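The structure appears right after this line, and notes come after that.
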Amino acid sequence: MQSNQEKLVAHFLEQLNLNNTSVPEEISAKLMAKQSEIVSIEDVIAYINTLGEELNIKQNVAELIEKVEDETSILIHKLKFITASDRPKVLVLDRIDPQEINQSAFLQESIKIAGGIPTTIAHEADKIIIIDSDESVFTQIPVLLNDQAIAQSKAIELDQLFIMTKPNFASIPGYEYLTELESLAEIFQPKYFVYGHEGKEWLQFQLK
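Quick look at the structure:
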């Protein structure tokens with residue numbers, strides 16, 4: 354089974370059409386240290402740069418970095434004039450029973466980039482996201498609604514409960530970074546973003 358580090362390296366090498374490239378152990382150790390630092394878009398780019406430098410494929414990674422920067426910039430630019438009052442407060446759960454709130458610095462930063470405001474206070478939530486690709490999550494929704502703070506949130510009142518069906522969503526910082534940002538943007542700011550990820554990476558759970 355691949356480690357998260359191996360998955361991340363393999364993912365970027367696949368994007369660079371360098372699937373069969375082997376990564377020496379000493380380089381893998383450097384990348385592992387870099388991976389633990391990934392929180393922001395700048396960190397993702399720094400990681401790709403390190404990959405390029407260590408494997409001597411700087412020219413190859415230049416196009417990939419440009420793609421990540423350009424597509425993220427488009428997203429950020431569209432959201433530039435959206436005020437804080439129009440950015441939903443977002444509660445993310447990794448598990449319903451027992452309830453576990455996601456507090457990943459990487460995911461919180463991604464939420465901000467995609468037009469939301471991360472929160473860990475249930476009753477404040479305008480939108481609630483559950484990260485769970487297992488179909489059994491749907492049978493656990495009644496348990497979630499037994500939580501008074503969640504049941505009284507705007508998210509439940511306004512039918513804003515979402516399931517991230519993409520396996521291991523945001524569990525490997527930097528992995529499928531753009532797809533994850535786009536999915537979040539579709540959920541937070543549906544008037545501005547339609548990338549086609551609904552039904553593939555996420556879905557809205559209809560409470561009413």
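Just so we're aligned: 369 in the numbering used here is position 16 of the sequence shown, and the numbers increase by one with no gaps anywhere. Cβ coordinates follow ideal geometry from the N, Cα and C atoms, glycine included. Computed from a predicted structure; not experimentally measured.
(message) Measuring only the C-alpha atoms, how far is Ser463 from Glu378?
(response) 30 Å
(request) Would you please state the rounded distance, in angstroms, between the beta carbons of Ile516 and Leu556? I believe it to be under 8 Å. (result) 5 Å
(request) Please classify Ile525: is it buried, with 16 or more other beta-carbons within 10 angstroms of its beta-carbon, or exposed? (result) buried
(request) State the DSSP-derived secondary structure class of Leu556, mapped to helix, strand or coil. (result) strand
(request) Below 7 Å CB to CB, which residues in the same chain sit around Asn372 once its five sequence neighbours on both sides are set aside? (result) Leu366
(message) I'd like to know if Arg440 contacts chain B, where contact means its C-beta is closer than 8 Å to some C-beta of that chain.
(response) Among the chains in the structure shown there is no chain B, since it carries only a single protein chain.
(request) Taking only the alpha-carbon atoms, compute the straight-line gap between Val414 and Asp396 and give it to the nearest angstrom. (result) 15 Å
(message) Along the chain, where does the alpha helix (DSSP H) containing Val376 start, and where does it finish?
(response) It is not in any alpha helix (DSSP H) - Val376 carries neither H nor E in the DSSP assignment.
(request) Thinking Ile484 and Asn455 are a contact (beta carbons under 8 Å), I'd like their distance in whole angstroms, please. (result) 7 Å
(request) Using the DSSP secondary-structure output, state which residues sit across from Lys480 in a beta bridge. (result) Val443
(message) Between the alpha carbons of His550 and Leu408, how many angstroms are there, rounded?
(response) 33 Å
(message) In whole angstroms, give me the CA-to-CA distance for Glu419 and Tyr400.
(response) 14 Å
(request) Thinking Val547 and Glu539 are a contact (beta carbons under 8 Å), I'd like their distance in whole angstroms, please. (result) 6 Å
(message) Would you say the beta carbon of Lys420 is closer than 7 Å to some non-hydrogen atom of the ligand SAM?
(response) As for the ligand SAM, it is missing from this structure, which has no ligand bound.
(request) Go ahead and pull the three-state DSSP assignment for Glu551. (result) strand
(request) Apply the 10 Å Cβ neighbour rule to Gly527 and answer buried if 16 or more other Cβ atoms are within range, or exposed otherwise. (result) buried
(message) Ignoring anything shorter than 3 residues, give me the beta strand (DSSP E) runs that lie fully in the segment 467 to 542, in order along the chain.
(response) 480 to 484, 514 to 517
(request) Quick one: grab the DSSP three-state call for Ile410. (result) coil
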